[in-house]
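Here's the structure, in structure tokens; my notes come after.
There are 2 protein chains.
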Amino acid sequence: MTIVDVARHAGVSTTAASKVLRNAYGASPAMRAKVQQAIEELGYRPYAAARGLRGQTYTIGVLLPDIRNPFFPDIIDGITDALRDTDYHVLLGPSCDNEKDEAKITDAMVDRGMDGIVLIAPVMSPRRLERLAKTIPAVVVGRHSRSAHFDTVTDDDVAGAALVVDHLADLGHRRIAHIEHHETDPVHLAEMPNAVRADGYRKAMRARGLAVDIASTSYTQEGGYLGARQLLARPQRPTAIFAGADIVAMGVLTALSEAGLSVPGDISLAGYDNTSFAALGPISLTSVDQAGHHIGAHAARLLQERIGDRSRPAAQVKLSPALVPRRTTAPPP
Amino acid sequence: MTIVDVARHAGVSTTAASKVLRNAYGASPAMRAKVQQAIEELGYRPYAAARGLRGQTYTIGVLLPDIRNPFFPDIIDGITDALRDTDYHVLLGPSCDNEKDEAKITDAMVDRGMDGIVLIAPVMSPRRLERLAKTIPAVVVGRHSRSAHFDTVTDDDVAGAALVVDHLADLGHRRIAHIEHHETDPVHLAEMPNAVRADGYRKAMRARGLAVDIASTSYTQEGGYLGARQLLARPQRPTAIFAGADIVAMGVLTALSEAGLSVPGDISLAGYDNTSFAALGPISLTSVDQAGHHIGAHAARLLQERIGDRSRPAAQVKLSPALVPRRTTAPPP
DNA sequence: GGAGCTATGGGTAACGTTGCCCATTATTGG
DNA sequence: CCAATAATGGGCAACGTTACCCATAGCTCC
């Protein structure tokens with residue numbers, strides 16, 4: 005079942021059929037109707053691999069760092085919703101938590117001739133990122149980079165961290181600790197959302213004249229658990245913990261419950277991302293909303309524009325986070 | 005940068021270079037070395053679209069019904085781990101919670117010439133499923149179907165439900181309610197894991213001489229919340245709730261906490277899937293382990309075999325679930 | 001020593017689609 | 001009424017890869 009069959013069945017040339025398929029110039033309404041009918045009658049579907057050989061596959065790839073983090077589905081929904089009425093299809097790469105897996109997956113997407121990719125918080129070097137974006141239209145989400153070759157959609161992580169610190173400080177907390185995703189790479193320290201968030205925490209604490217207290221682990225449930233244990237073991241125990249992500253806060257809750265501490269009675273806890281789990285009744289976690297759906301929608305729009313004109317100037321979209329206070333934060337005991 | 009460049013650079017024919025790329029028969033070790041070196045020096049990567057046109061894309065698609073359900077990442081990890089040292093790459097379709105989206109995504113995967121697909125709990129009709137499996141090598145996960153054209157990997161949902169019922173009954177509970185994912189389609193009632201699980205619940209209750217008590221909503225957090233509210237409003241309040249999935253149990257927890265009921269003091273709660281959230285300290289949910297990683301690994305293995313020999317007899321793998329008792333279940337008050 | 005192997009290498013025609021070009025006919029403008 | 005232009009349709013080559021074939025050379029075995 006190929007375009008040749010469709011053309012023959014409609015009594016036109018394959019070129020004509022192709023034009024109809026692509027909504028290209030040079031096909032009369034009568035011809036369009038004939039070909040459309042042939043397509044329906046035959047149940048024809050264009051073969052993406054063959055299209056890919058000629059340039060377009062109508063496929064957009066999304067690279068996500070961790071399929072378990074409940075924040076990413078919001079972004080993905082935003083992307084797919086924005087592309088719903090287009091000819092594009094979205095395919096996701098499986099989780100990749102390191103540079104090597106990430107390279108493998110982005111390579112695979114390029115090899116498959118995808119028309120564009122959305123990179124969510126990629127960890128690759130700026131050089132590689134630049135090279136990739138020259139190879140394929142790309143939009144980078146979350147990472148605070150700037151380049152002439154790709155667009156970015158970020159959230160103001162400095163402001164978001166300040167929202168949490170201010171909220172806790174206003175409640176009366178002085179010893180506010182932070183659990184961050186450990187970074188040493190200088191580029192990551194400047195660009196990755198987790199590092200920027202930690203930086204925002206430091207700035208906000210300093211602005212209030214408070215001493216910073218950081219546990220450096222990872223943005224996972226496990227990282228939250230270990231980070232909380234570190235913090236609780238310190239001589240001056242914090243009265244509030246700001247976890248860099250909701251999923252981190254989940255691990256913190258485990259550690260606190262093990263230590264027999266009540267939340268927010270003994271200790272306050274805030275997360276980041278406002279995932280659906282934060283809203284859960286028995287958890288009811290104070291968090292920061294990043295509007296993942298909007299992030300995804302912006303990314304999809306920018307990517308479509310860039311696919312349309314690869315040399316257009318790069319855009320940086322920055323969204324503002326909002327605090328969502330819930331029941332895990334209260335004045336200190 | 006094509007295979008022609010590689011061949012020229014290595015001083016051999018493109019046919020020879022192709023043989024080396026595919027580990028095909030008819031290339032001497034010396035030739036292999038020459039070509040490999042040329043590939044490395046030129047940084048050549050085969051173009052999947054062109055390969056697709058000739059038959060193979062080295063791509064495996066995974067269709068998952070809900071990216072938010074924390075059980076599915078386990079399966080996906082199992083699949084990717086099993087395929088790690090092969091030439092295959094895995095791409096995921098975005099969530100599809102209805103038959104239409106599902107059709108769109110499976111069509112897209114077929115159009116992109118994927119070598120095979122893993123369908124996780126697909127909702128399409130048996131007729132469509134059969135047709136799809138004739139078009140493309142497929143493995144169906146979770147759904148209790150049987151066909152000559154696709155393999156299946158399922159968990160013994162009847163046994164799993166019985167594990168929960170027996171556990172609760174052994175603790176002394178008599179009024180054990182169940183929250184199921186609502187189904188009316190007779191095919192789904194027989195084949196979908198949620199329906200089979202509900203059936204297992206009914207059988208196990210009957211075997212114990214206990215009266216069934218079911219709320220019929222959906223396998224989501226919201227469904228759990230609504231289901232629990234229904235159950236609590238009934239004249240005879242249950243002393244234990246068996247939620248058909250962990251994500252359902254999350255919603256139940258919200259409803260119970262709103263109603264001022266303590267778990268397991270006032271009411272016991274069990275989930276299903278043993279997701280990472282079930283293990284969380286403050287939740288500590290009794291659940292049933294389906295070994296998602298094994299499910300995924302089996303699916304990947306079967307799919308590879310089927311890609312290798314499309315007419316080989318279909319296999320049905322059935323795994324046994326295991327109860328993981330935690331702190332949400334206790335004797336009735 | 002010749003028939004029948006195996007091992008090795010290459011030539012060539014597809015796979016399904018589209019971009020570029022040209023041919024024909026209708027339409028416009030002076 | 002003719003030249004210029006627009007609208008419409010089709011021919012053909014090419015995208016990068018591989019499956020199928022054939023050609024040659026060296027070997028084995030009676």
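Residue numbers (our numbering), protein chains in the order written: chain C, 5 to 337; chain X, 5 to 337.
Where is the CB? At the ideal position from N, CA and C, for every residue including glycine.
Since this is a predicted model, take the numbers as computed values, not measurements.
Discussion item. What residue range does the beta strand (DSSP E) around G120(C) cover?
Written reply: G120 to I124
Discussion item. Below 8 Å on C-beta distance, what does Q225(X) contact in chain C?
Written reply: S280 and L284
Practice prompt. Kindly indicate if chain C contains any beta-carbon less than 8 Å away from that of P50(X).
Written response: yes
Practice prompt. For R55(C), collect the residues of the same chain with a Cβ closer than 8 Å to its Cβ; drop the 5 residues on either side in sequence, then sort them by chain order.
Written response: T61 and Y62
Worksheet item: What separation, rounded to the nearest whole angstrom, lies between the Cα atoms of P126(X) and G248(X)?
Response: 17 Å
Item to complete: Report, in whole angstroms, the separation of the C-beta atoms of G255(C) and A282(C), which I expect to be a contact under 8 Å.
Response: Contact doesn't hold; Cβ gap of about 14 Å is too wide.
Discussion item. Within the continuous alpha helix (DSSP H) that includes G312(X), where are the two ends?
Written reply: G296 to G312
Item to complete: For D115(C), decide whether its Cβ has a neighbour in chain X, counting only Cβ atoms nearer than 8 Å.
Response: yes
Practice prompt. Could you tell me whether the region 299-307 of chain C touches the region 157-167 of chain C, using the rule of 3 or more Cβ pairs below 8 Å?
Written response: yes
Worksheet item: In the region 252-300 of chain X, which residue ranges form an unbroken beta strand (DSSP E) of at least 3 residues, counting only runs that do not cross its ends?
Response: 272-274 and 291-293
Discussion item. For a test of the three-state rule: what should DSSP assign to E184(C), helix, strand or coil?
Written reply: strand
Practice prompt. Please name the residues in the region 259-280 of chain X whose beta-carbon is closer than 9 Å to at least one beta-carbon of chain C, in chain order.
Written response: A259, L260, S261, E262, V267 and S280
Item to complete: Mind checking which residues open and close the beta strand (DSSP E) that includes S220(X)?
Response: I218 to T221
Worksheet entry | Spatial distance of L193(C) from H186(C) (CA atoms) | 9 Å
Worksheet item: Under the three-state reduction of DSSP, which class applies to F246(C): helix, strand or coil?
Response: strand
Worksheet entry | Straight-line gap, H177(X) to G204(X) (C-alpha atoms, nearest Å) | 17 Å
Discussion item. Taking DSSP's pairing of strands, which residues face G65(X) in a bridge?
Written reply: L95(X) and I121(X)
Discussion item. Check whether chain C comes within 8 Å of L214(X), counting only Cβ atoms and requiring the distance to be less than that.
Written reply: no
Practice prompt. Identify whether V169(C) lies in helix, strand or coil by the three-state DSSP scheme.
Written response: helix
Practice prompt. Under 7 Å between beta-carbons, which chain C residues line up against T90(X)? List them in chain order, please.
Written response: Those do not exist, as T90(X) stays about 12 Å from chain C at its closest Cβ, beyond 7 Å.
Worksheet item: chain C beta carbons: is any one of them nearer than 8 Å to that of H2(X)?
Response: Beyond the ends of chain X as shown, which are 5 and 337, falls residue 2(X); an answer cannot be given.
Worksheet item: In chain order, what residues of the same chain have a beta carbon less than 8 Å from the beta carbon of S17(X), not counting five sequence neighbours either side?
Response: A11
Worksheet item: Just checking my contact of I140(C) with I124(C) at CB under 8 Å: how many whole Å lie between their CB atoms?
Response: Not a contact, Cβ separation roughly 16 Å.
Worksheet item: Out of curiosity, what's the CA-to-CA distance linking S261(C) and P286(X)?
Response: 6 Å
Worksheet item: Closer than 7 Å, Cβ to any Cβ of chain X: which residues of the region 69-97 of chain C, in chain order?
Response: I71, R72, P74, P77, I80, T84, H93, V94, L95, L96 and G97
Practice prompt. Can you grab the Cα-Cα spacing for the pair M35(X) / M5(X), in whole Å?
Written response: 20 Å
Discussion item. Applying the 10 Å Cβ sphere with the 16-neighbour rule, what's the burial state of R147(X)?
Written reply: buried
Worksheet item: Candidates F75(X), I245(X) and S222(X): which alpha carbon is nearest V169(X)'s?
Response: I245(X)
Fill in: Reference L323(X), options P335(X), K138(X) and D293(X), closest by Cα
D293(X)
Worksheet item: Hey, quick one: how far does the beta strand (DSSP E) through T6(C) stretch, first residue to last?
Response: From DSSP, T6(C) is part of no beta strand (DSSP E); its letter is neither H nor E.
Item to complete: Return the first residue and the last residue of the alpha helix (DSSP H) that L133(C) is part of.
Response: P130 to T139
Fill in: Exposure of D313(X), with buried meaning 16 or more beta-carbon neighbours within 10 Å
exposed
Worksheet item: Is the shortest distance between the beta-carbon of G248(C) and the beta-carbons of chain X less than 8 Å?
Response: no
Item to complete: Answer with yes or no whether the minimum CB distance from T290(X) to chain C is below 8 Å.
Response: no
Worksheet entry | Same chain, Cβ closer than 6 Å to A259(X), neighbours up to 5 away in sequence not counted | Y229, A232 and R233
Discussion item. Residues of the region 55-70 of chain X in Cβ contact with chain C at a cutoff of 7 Å, in chain order, please.
Written reply: G56, L57, T61 and T63
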